[in-house]
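Just below is one structure, and these are the notes that go with it.
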Amino acid sequence: MERLNDEGQWIVLMGFMVCVGIFFLAVIIAQSTVVGQTTSEGVLEFPKNDIQDLRSEVIEIAKRGGTSSLKADLKTLSMARKNAVVECSITPGAVNDSYYEYTRIILHFNNGVTEFDETFLLSRPKTP
Amino acid sequence: MDERAVSESIGFIIIFSIVVAGIGLVSLYGYPMLLQHQIGADERTMEQTMITIQNDIKLLTYSNVPYKDTALRVSGGALTVYDMADSHQEFEFKCWNGTDWEELHFSPGELRYVSDQGTAIISFENGAVVKRQQDASGSVMLAEPRWFYDNRTKTLVIFQMGLAADRDLSLNGIGNLQMSRLNEPDVYELSYGPTEVKVKYTPDGSNDYSQAWHNYFKGSSIIPGGLDDPGDGYYVIDGVSRVIVKQYNITVTNI
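Chains as they are written, first to last, in the working numbering: chain W, 1258 to 1385; chain U, 2 to 256.
Below you can see the structure in the form of structure tokens.
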């Protein structure tokens, strides 16, 4: 009886290895959609511009002396348009040194995903 | 090598029976397992699709985008839109104004996926994506709504998302989900000084997600430590000085 030719066995073995490799690649690809989604959500939901806009407005209000009605408007507008709870307090002349007078600005922003708090000292030269 | 008693036919019979047994095993056990796997994959895909829909609704509501259009594939089941008027579940808010309870009732409508072969039911309900199994009492929240309590200003912010459809809509296969939000949200703002706010979820009797909402209210998402649960169905949060409830109406134009 003729003996079996077993010289091609490594081809079968390589086939198995390639199969296992493709399987793992498929698992990685399946995971990548989930990762991409959560990452893009994180980027989309971070309210960078909302905080920057609010900050610049509040600093502008503080430069003009800190009128209270503008702060109330800011609070209402933030809730209506950005769905964020905003609170700011402006204290002119909170800190003093020989050359400058500082206005203390305390800023609070919370939109349910991101909470941001900042205390900021705005300097103004004292008139001699 | 001694090759007496070696027969080709016996070898063939052995190899052939191994092959037949292999085919039999695969069709008996392997194929049903494969189908089961397919059902599981369909349900998982649908979970992700629901989260995508939730993201679209977030854009429609929080980001003030008027129209949104999503291509989606619903396999292994059907996705149905339930209008706010047809929904049986209800969210109730109560706020003590010093002399009386001010009440606010809201039926959010629902986007519901029901698996054909499997047992999963996945819903978009009032901003959350929730899932349960048919014939089982538990439920789980896959993605939470964005309700929050700001501890510094003692402000409780609640977003309600109602779905409206002017006719019965349902999808099986590949389709396009068109949604719009053209009206300003109804805003209820109550500020009575430090007060008590109660929240209650009344489930749809045939599709009960109360466990998922219970876990959400009791978990640390709204406030660290969760809302109090006195056991009467209401979840209580105390010391709230400003309550804002925003009700968005999202219209599903086509699916």
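Think of the CB as a built atom: it goes at the ideal place given N, C-alpha and C, for glycine as much as any other residue. For clarity, every value in this text was computed on a predicted model and none was experimentally measured.
When DSSP labels each residue in this structure, what does R113/U get in the three-state scheme? strand
Using a threshold of 8 Å, state whether the C-beta atoms of V246/U and L164/U are closer than that. no
Beta-bridge pairing of L105/U - partner residues as DSSP gives them: F94/U
Output yes if chain U places a C-beta closer than 8 Å to the C-beta of E1344/W; else output no. yes
Using a Cβ-Cβ cutoff of less than 7 Å, which residues in the same chain neighbour V66/U once the five nearest sequence positions on both sides are dropped? L60
Which value, in whole angstroms, describes the spacing of the CA atoms of N177/U and S1380/W? 56 Å
For G176/U, which beta-bridge partners are listed by DSSP? L73/U
Cα separation between V1284/W and D43/U? 16 Å
To the nearest angstrom, report how far apart S124/U and V141/U are at their CA atoms. 11 Å
Which same chain residues end up closer than 6 Å to T71/U when comparing Cβ atoms and leaving out the 5 residues on each side of it in sequence? D57 and L178
Of the listed residues T154/U, A137/U and K132/U, nearest to A144/U (C-alpha basis): K132/U
State the DSSP-derived secondary structure class of R1312/W, mapped to helix, strand or coil. helix
Please classify I24/U as buried or exposed, where buried requires at least 16 neighbouring CB atoms within 10 angstroms. exposed
Beta-carbon within less than 8 Å of M1336/W's beta-carbon, same chain only, minus the 5 sequence neighbours each way: which residues are those? V1342 and V1343
Between E190/U and Q49/U, what straight-line distance do the alpha-carbon atoms span, to the nearest angstrom? 34 Å
May I ask you to list, following chain order, the residues of the stretch 1325-1337 of chain W that have a beta carbon less than 7 Å from some beta carbon of chain U? M1336
Compare the C-beta of V21/U against all C-beta atoms of chain B and say whether one is closer than 8 Å. Within the model displayed, chain B is absent; protein chains W and U are what it includes.
Is DSSP giving F13/U helix, strand or coil here? helix
Alpha-carbon to alpha-carbon, K95/U and V200/U: 7 Å
Helix, strand or coil for V7/U, going by three-state DSSP, please let me know. coil
Count the other C-beta atoms from every protein chain shown that fall within 10 angstroms of the C-beta of N1368/W, then say buried if there are 16 or more, exposed otherwise. buried
Between which two residues does the alpha helix (DSSP H) containing L1334/W stretch? S1325 to L1334
Verify whether the separation of the beta carbon atoms of K69/U and M180/U is less than 8 Å. yes
Is there a C-beta anywhere in chain W that falls below 8 Å from the one on Y193/U? no
With DSSP run on the structure shown, which of helix, strand or coil describes L1282/W? helix
Below 9 Å between beta carbons is the criterion; list the residues of the stretch 1344-1373 of chain W that meet it against any residue of chain U, in chain order. E1344, H1365, N1367, N1368, G1369, V1370 and E1372
Could you tell me whether the Cβ of F17/U comes closer than 8 Å to any Cβ of chain W? no
Contacting positions in the stretch 140-151 of chain U - beta carbon closer than 8 Å to chain W: R147, W148, F149 and D151
Near-chain W residues of the stretch 61-74 of chain U (beta-carbon distance less than 9 Å), N- to C-terminal order: T62, Y63, S64 and N65
Which residues of the stretch 152-182 of chain U have a Cβ closer than 9 Å to any Cβ of chain W? Give them in chain order. N152, R153, T154, T156, V158 and F160
If the cut is a Cβ gap below 7 Å, which residues of chain W does I245/U touch? M1336
Can you tell me whether DSSP reads V27/U as helix, strand or coil? helix
Can you tell me whether R182/U is buried or exposed, with buried defined as 16 or more other CB within 10 angstroms of its CB? buried
Determine which residues share a DSSP beta bridge with A79/U and list them. V115/U
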